[in-house]
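Participant: Before anything else, here's the structure in question.
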RNA sequence: GAUUCCGUAGCUCAGCUGGUAGAGCAUAACACUUUUAAUGUUAGGGUCCUGGGUUCGAACCCCAGCGGGAUCACCA
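Numbering (the numbering used here), first residue to last: 41 to 614.
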C-alpha cells in the first residue's frame, strides 16, 4: 500500500484505459531496432538513403502537441532523437484513436515506445524521425523529473538533490546524461586496465571475499557467520595475502579487480565497499613497478579521455610518465623543512609538537613520520609523484630496503594531493615476515587497533618459498574520480551506501476495515491524514469521533456515522 | 564521531516582523499541421521531514529525533 499523488493516480488510470482499448501496456515482445539516436545524428547527413526505414525504441522525454501534429523526443541509450508524429500518418484509416487518445492522452513522459518511420530534417534544421508506426512498449507509472535545457545547454529544472540522485540512481541516469557519461568512463578505466594486464600475460584471478583471517591491510572488517561450519567469517579488507599465495603456487603475474569492505566511517572519499585492483608480478622490484604504473596510467588516461592530461578541479594533471620520485624523508625535508631521517621517537614527537601535528601515545616512529607527511607534504603533490622508502614500522609486508637501514622498498603514488596507488618490493623472507607480524602484535598491545593480525597459513606459504615479487594496489574509485573530475566517491559509484530510507508502513483499506471501521468511512480516515495503524492508535477518541462525523458529511459518504463506542474500539483494537 | 547548513507540490525553488501556502516546469481541460525551455486560456495538486513546546495564532521561534550536504577527525 502506498499513497499516490495526483499524477500517479492519473497514470494508473491511463494504464487501465489502454487495457480497455485492447493495448497491453507491458507487451511481451521483441521490438526490432535498426538505429540509435547517436547513429542517426552522426550519419544521416552523409547517408540519407540508409535512413528511410528506421525502427527505433526509447523513452518518451518531451512532447509538444500542436493539434493533429506533434513533436516529441525519445531517449535511447545513446541520446535523444526528435520525432514528428502526425495524426493522419499513424492513423491512416477513419479511426484516429491511436493519435487522439493513445498518443495525446494516455502516453506520458517516461513511457517506452517503439517507432518506425523515416528520418528527415525539419525547417529549423533538426534531424528528426517522421513516425509512421507507434507501439507502446512499457508504461511508466511515476512522473520523471523534467529537466529542461536551452540552446546554450543551460539547465533549468535540474534533478539535483544529492539524496534523491543517489537513492534513485535510475532516475538520475535517465534525466542527467552526464551521469551516464561518468559511469561509461568508469567502465573504460577498468576495461583498459584489464586489457593492459592481459596483454602482458598476467592472469586475472578471484580470491575469497569471505575470509577466516582478515589480513593484508590495517582496517576494521565486517564480520559475519557461517551457519554450517559454525565459524565466524569476515568480509575481506584486502586480498594481498591470497594473491601472494598464488605467486608461491607458481603464477608469475596475477591480478584481481574487486570489492573490498571496511567497517569504518563514510565520507566523500570513503564508501564501506570499494573497488581495488591488486597485482603481483614475480621477479620484479618496486623500481620496475614504478615504470609499469607510469605506462599503465598513461594508457588508461588515453583510453578514457583521448589524451594523457586530465582536468581535476583547478589543476591539469599530466598522466604520461615519467613521474617525479621523492623519498619520504626528502619530501618532508622539501615541504616541511625538517630532516627527520636520523630522528628517534622522542625527537619526532618534539617535531610534531612544534608543527602542531596531533599525535597520541599509541603511535610508533613510523606512524609519527606518516603524520608529519600527511600534514605537511601530501597537499603539495599535485602532479603524479612517487613517494618512496617508508619507515619499516608502518609497512609489515614490504621488503627491507636493499641499502637504507630502517626503511622498506615501498612507494605510494600521489596525484592531486591524494594517494591512488601503493606498491612494494614484497617481503618474501618468512623469518623476517614472522618478526614483522610480531611487531604488529606489540603495536596492537599498545593500543593500535589497526595493527595487522598474524596469518599462520600465509607464513607457511612463504616458508615454501616465494620468488622476488613486486606488488601494487590501486584504488579504482579514486582513480575514476580523478579521470572524471568528480570530488566525491558517490559520483563514481552507482549505488553509494546510504542510511536506510525511512519507510512509513501505510495501512491498507483492509487493515482499517479489520479494526472495525466501516469500509465507507475509510476515505474519511485518510482525509484526516491517518495513514498508519500507529497513527490510529494515537488518536483521542472524542476528537476522532467528531472529526470522522464531520468528514463524513463533508465528503458526502454513504456510510452511517459511527458511535463513540465504535470509535474507541478502532483505537483500542478491540 | 564533532561542527555547521538544509528539509515547503512529482521536480527546481520563493515564502517579509509569527497572521488564510506561492511561482516555473510537470499534470488535467480546450485551441493549434515544422515545434524545440513550443505557445495561449483555464483548472487541480501540500502530513510545509517527524514529535513535543512557546503563543490567541507556527512553514517561520525553542527543544528532541530522522534524513541529506559541507567542513574536520579516521581510513583507501
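Glycine included, every Cβ here is placed at the ideal spot set by N, Cα and C.
No experiment lies behind these values; they were computed from the predicted model shown.
So, do the segment 166-183 and the segment 56-76 have three or more beta carbon pairs nearer to each other than 8 Å?
Facilitator: By the criterion of at least three beta-carbon pairs nearer than 8 Å, the segment 166-183 is in contact with the segment 56-76.
Participant: By Cβ distance, which residues of its chain are closer than 8 Å to residue 187, with the 5 residues on each side in sequence left out?
Facilitator: 195, 196, 197, 198, 199, 215, 216
Participant: When the Cα of residue 512 is compared with those of 295, 104, 145, which residue comes out closest?
Facilitator: 295
Participant: Rounded C-beta distance between residue 266 and residue 275? I'm assuming under 8 Å.
Facilitator: That pair is no contact at about 12 Å.
Participant: Indicate the three-state DSSP secondary structure (helix, strand or coil) for residue 349 in the structure shown.
Facilitator: strand
Participant: Using C-beta distances below 7 Å, list every residue in its chain close to residue 342, excluding the 5 sequence neighbours before and after it, in chain order.
Facilitator: 348
Participant: Is residue 41 helix, strand or coil by DSSP?
Facilitator: Because residue 41 carries a pLDDT of 47, less than 50, the predicted location of this residue cannot be relied on, and the following value inherits that uncertainty. The answer is coil: DSSP assigns residue 41 none of H, G, I, E or B.
Participant: At the level of alpha carbons, what is the spacing between residue 41 and residue 50?
Facilitator: Because residue 41 carries a pLDDT of 47, less than 50, the predicted location of this residue cannot be relied on, and no value is offered for it.
Participant: Got a sec? Which residues, its chain only, sit under 6 Å from residue 213 by beta carbon, not counting five neighbours each side?
Facilitator: Correct list, in chain order: 219, 220.
Participant: Look up residue 310 in the DSSP assignment and give the residues it is bridged to.
Facilitator: 307
Participant: Per DSSP, which one or two residues make a beta bridge with residue 176?
Facilitator: 153
Participant: Checking the sheet assignment: what are the DSSP bridge partners for residue 440?
Facilitator: 448
Participant: Does the segment 395-404 come within contact of the segment 352-369, defined as at least 3 CB pairs closer than 8 Å?
Facilitator: Fewer than three Cβ pairs drawn from the segment 395-404 and the segment 352-369 lie within less than 8 Å of each other, which leaves the two stretches out of contact.
Participant: Assuming residue 301 is part of the alpha helix (DSSP H), what are its boundary residues?
Facilitator: Taken as a continuous stretch (DSSP letters only), residue 301 belongs to no alpha helix (DSSP H), being part of the beta strand (DSSP E) at 293-301.
Participant: Measuring only the C-alpha atoms, how far is residue 62 from residue 72?
Facilitator: 22 Å
Participant: How many Å lie between residue 616 and residue 235 at the Cα?
Facilitator: Beyond the ends of the chain as shown, which are 41 and 614, falls residue 616; an answer cannot be given.
Participant: How about residue 88 and residue 159: do their beta carbons lie closer than 9 Å?
Facilitator: yes
Participant: Specify the secondary structure class of residue 607 as computed by DSSP and reduced to three states.
Facilitator: helix
Participant: For residue 485, list the residues DSSP reports as bridge partners.
Facilitator: Paired residues: none, contrary to the question.
Participant: On the DSSP letters alone, give me the boundaries of the alpha helix (DSSP H) that residue 221 sits inside.
Facilitator: Unbroken alpha helix (DSSP H) run through residue 221: 217-239.
Participant: Counting beta carbon pairs with one atom in the segment 459-476 and one in the segment 504-522, are three or more of them shorter than 8 Å?
Facilitator: yes
Participant: Distance, Cα to Cα, residue 80 vs residue 54?
Facilitator: Cα atoms of residue 80 and residue 54: separation of roughly 32 Å, rounded to the nearest angstrom.
Participant: Using 8 Å as the Cβ pair cut-off and three pairs as the minimum, do the segment 364-375 and the segment 528-535 touch?
Facilitator: Cβ pair count under 8 Å is below three, so no.
Participant: Hey, could you find the ends of the beta strand (DSSP E) residue 124 is sitting in?
Facilitator: 119-126
Participant: Contact check, residue 8 vs residue 516 under 8 Å by CB: the rounded distance?
Facilitator: The structure shown does not extend to residue 8, since the chain is modelled only from 41 to 614, so the question has no answer here.
Participant: Kindly indicate which three-state DSSP category residue 266 falls into: helix, strand or coil?
Facilitator: strand
Participant: Among 418, 147, 256, which has the Cα closest to the Cα of residue 284?
Facilitator: 256
Participant: Taking the continuous beta strand (DSSP E) assigned at residue 429, which residues delimit it?
Facilitator: 425-431 is the span of the beta strand (DSSP E), which, as asked, contains residue 429.
Participant: With three or more C-beta pairs closer than 8 Å as the rule, is the segment 431-449 touching the segment 494-501?
Facilitator: no
Participant: Going by the DSSP bridge assignment, what does residue 272 pair with across the sheet?
Facilitator: Per DSSP, 265.
Participant: Would residue 127 pass as a contact of residue 108 if the rule is Cβ separation under 9 Å?
Facilitator: yes
Participant: As a quick exercise: from 530, 96, 112, pick the residue whose alpha carbon is nearest that of residue 149.
Facilitator: When only C-alpha atoms are compared, the closest one is 112.
Participant: So what does DSSP say about residue 99, is it helix, strand or coil?
Facilitator: strand
Participant: Do you know offhand how far residue 482's Cα is from residue 491's?
Facilitator: 9 Å
Participant: Which of the three DSSP states is assigned to residue 184 in this structure?
Facilitator: coil
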